[in-house]
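What follows is one structure encoded as structure tokens, with my remarks underneath.
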Amino acid sequence: MRRLLVLAVSFAAVPALASCSGSTDADGASPTVRTGSAFEGAGPDEKSSSQMTVAAASDLRDVLAALQPDIEKRCETRLTLVFGSSGQLKNQVEAGAKFGLYLSADAQYPRDLAAKGLVVPNGVASYGVGRIVLATRAGIEPVTAFEGLTSESIRRIAIANPGHAPYGRAAREALEASGLYDAIEEKLVLGENIRQATDYVEKGDADAGIVALALVINGSPASYTLIDSTLHQPIEQGGAVIKGTGAELTARCVLQYLLDPEGQAALRDHGFEEVPR
Amino acid sequence: MSLSEVDWSTFRISAQIAVLATLLCILVGTPLSWAISRTRPAVAGFLSSVALLPLVLPPTAVGYYILYGLGRQSAFGRFLIDDLGIRLVFTWQGAAIAAAVVALPLFVRTAQAGFEQIDPELLDVAATMAGRRRVFWQVAIPLAWPSMVAASLIAFARSIGEFGATIIVAANIPGETQTVPAAIYDATQAGNTSLAHTLALLTVVMGILILTALALVLRRRATARQAR
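Chains as they are written, first to last, in our numbering: chain A, 1 to 277; chain B, 1001 to 1228.
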């Protein structure tokens, strides 16, 4: 009986080993495109991988969905996208989550990770600046200025959780700068991330919201008004190539894609502005 | 450990939600469990499956359906909000409904067991002398009350720890709908380990208190049965 078991196990192991060595070969191959600033300073021990998980701020949901096939082709990989608030994802990276690339809606977080030694050399870059908008749910008079939020008909205002979501922080800063935060604080509903806050407005559960332009610019039914960007700190978007994942070169390739003209144009179309140089 | 960081309103809100959810469970669960223990097996089987369904569903699925039902997405929700002016999404009352649905299976199972322990002959004899309502109130309830108390305590305990369904329905509004579990989640997500640690420890203390109360009630139920 025991011998049978050993036999079965060794048989099972053969194809497993074979596929293992096969994927090592694929992993060893570098992405075809290796030029660009994101590749400068890449160490000799960095590898490519045929599969990589990207931890992305939820404002990137729409643009990454659009770009994913293209990125996968150019970087010769399959991407698994994990969305969350930038702060949540940063905690997960620090706790050792196996993300090859971290894309944050706050460019300070990737720099923090680099300072903690979790990022490869020259593995941090900013790829855009996010904007916030004032959105109103369908079926009521659109609110076009902050003052309108104090109206009786606006009972619930959705923002992202300022504790860990950069867009939530920007929303609070803008409300504070306009002197209305205290007046409307009681109406605030905090989304776990900017996607959820946007969802609250889109589904009509919140009457208004301060949400990401990137999530409403393409075909959302709710009406929105751009918020003056001088009312808050710039929502600079930054990425970090995480050290020791075995997919460092692939992560550099994806980050470079976002910095190249093609990626920049797509980001522009999805409501991100260029990083001022 | 830093008690100064703790927002005690989360405990008040959790308690409010758990009390209302327990009352809802008693209101719906008592007749339901009585019916399950007394009707034909086919009907009882069906009722029992309905009552148990939330136990096998992910709380997030329960939360999703409740949010859909009470929110503006559904016709019923729009009727509640626009015609009756009843807003339950993003309120602690909405959270209590969610918690009650999640806790109902546990309430029903416990209460049902209490009703089933009553000698059926006793109930049949009572039925020859009194109407159904009097049999229920004057025979069944007095005999099954320790089980009812146990069922309520279990429902309370389940509601006070409910997270998945309540956070979907009521979100996470500090001072309004933020429960203790939601505050722990929030602290963890924001990287505030010391606050998460303190809150989690407080829930352990709370849990031990509830279990002690439950053990006392159950012992009473056991001695009550021995006396018979």
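Every residue, glycine too, gets a C-beta built ideally from N, C-alpha and C.
Using only the alpha-carbon positions, how far apart do A/His270 and A/Leu226 sit?
Cα to Cα, the separation comes out at about 14 Å.
Quick one: grab the DSSP three-state call for A/Arg78.
In this structure, A/Arg78 counts as strand in the three-state DSSP scheme.
For B/Gly1077 and B/Tyr1068, I'd like the C-alpha separation in whole angstroms.
Whole-angstrom Cα-Cα distance: 7 Å.
Put B/Pro1105 into one of helix, strand or coil per three-state DSSP.
It is helical.
Near B/Phe1136, which residues of its chain fall below 7 Å by C-beta distance, leaving aside the five closest residues on each side in sequence?
Cβ within range, chain order: Trp1034.
Between which residues of its own chain and B/Ser1048 is the CB-CB distance below 6 Å, once the five residues before and five after are set aside?
Contacts found: Ile1036.
Identify the continuous alpha helix (DSSP H) that holds A/Gly168 and give its terminal residues.
Here the alpha helix (DSSP H) through A/Gly168 covers 166 to 177.
Under 9 Å Cβ-Cβ, which residues of chain A neighbour B/Gln1189?
The answer, in chain order, is Gly84, Ser85, Gly87, Gln88, Asn91, Asn161, Gly163, His164, Glu192.
Return helix, strand or coil for A/Leu4, following the three-state DSSP convention.
The predicted model places A/Leu4 with a pLDDT of 46, which falls under 50 and marks its position as unreliable, so this point remains unresolved.
Reducing DSSP to helix, strand and coil, say where A/Ser126 ends up.
Note: A/Ser126 maps to strand in three-state DSSP.
What residue range is occupied by the uninterrupted beta strand (DSSP E) comprising A/Gly191?
Residues 188 to 191.
Which bits of chain B does A/Asp199 rub up against, with CB to CB less than 8 Å?
Result: empty, since nearest Cβ-Cβ is about 11 Å, beyond 8 Å.
With distances taken from CA atoms, which of B/Leu1143, B/Ala1103, B/Ala1127 is nearest B/Gln1117?
Cα-wise, what sits closest to B/Gln1117 is B/Leu1143.
With C-beta atoms as the reference, is A/Ile159 less than 8 Å away from A/Ala171?
Yes.
Verify whether the separation of the beta carbon atoms of A/Ile194 and A/Ala212 is less than 8 Å.
Result yes, Cβ atoms of A/Ile194 and A/Ala212 sit closer than 8 Å.
Check distances from the C-beta atoms of the segment 139 to 161 of chain A to those of chain B and list, in chain order, the residues that come in under 7 Å.
Result list: Arg156.
From B/Ser1014 to A/Gly84, what distance separates their C-alpha atoms?
So the alpha carbons of these two residues sit roughly 26 Å apart.
Give the secondary structure of B/Gln1178 by DSSP, where H, G and I count as helix, E and B as strand, and everything else as coil.
Residue state, collapsed to three classes: coil.
Can you name the start and end residues of the beta strand (DSSP E) that A/Ile210 belongs to?
Unbroken beta strand (DSSP E) run through A/Ile210: 208 to 212.
Looking at A/Leu101: is its Cβ nearer than 8 Å to the Cβ of A/Leu255?
Yes; because the gap between Cβ atoms is below 8 Å, this pair is in contact.
Inspect the CB distances between the segment 1150 to 1164 of chain B and the segment 1193 to 1213 of chain B and report whether three or more fall short of 8 Å.
Yes, they touch.
For B/Leu1084, count neighbouring C-beta atoms within 10 Å of its own C-beta (all shown protein chains included) and say buried if the count is 16 or more, exposed if not.
When all chains shown are included, B/Leu1084 counts as exposed.
So A/Ala165 packs on A/Ser86, CB below 8 Å; how close in whole Å?
Between A/Ser86 and A/Ala165 the Cβ distance is about 7 Å, and since that is below 8 Å, they are a contact.
According to DSSP, simplified to helix, strand and coil, what is A/Pro121?
Three-state result, A/Pro121: strand.
Let me check understanding here. Comparing Cα to Cα, which of B/Leu1153, B/Pro1058, B/Ala1111, B/Val1108 lies closest to B/Leu1209?
It is B/Leu1153.
In terms of alpha-carbon separation, which member of A/Tyr224, A/Gly219, A/Glu192 lies closest to A/Asp207?
The residue with the shortest Cα to Cα distance from A/Asp207 is A/Tyr224.
Compare the C-beta of B/Gln1073 with all C-beta atoms of chain A and state if any pair is closer than 8 Å.
Yes, B/Gln1073 counts as interfacial toward chain A.
B/Ile1173 touches chain A at which residues, Cβ-Cβ below 8 Å?
The answer, in chain order, is Leu188, Val189, Leu190.
Looking at the structure shown, is B/Ile1066 part of a helix, part of a strand, or coil, going by DSSP?
Helix at B/Ile1066.
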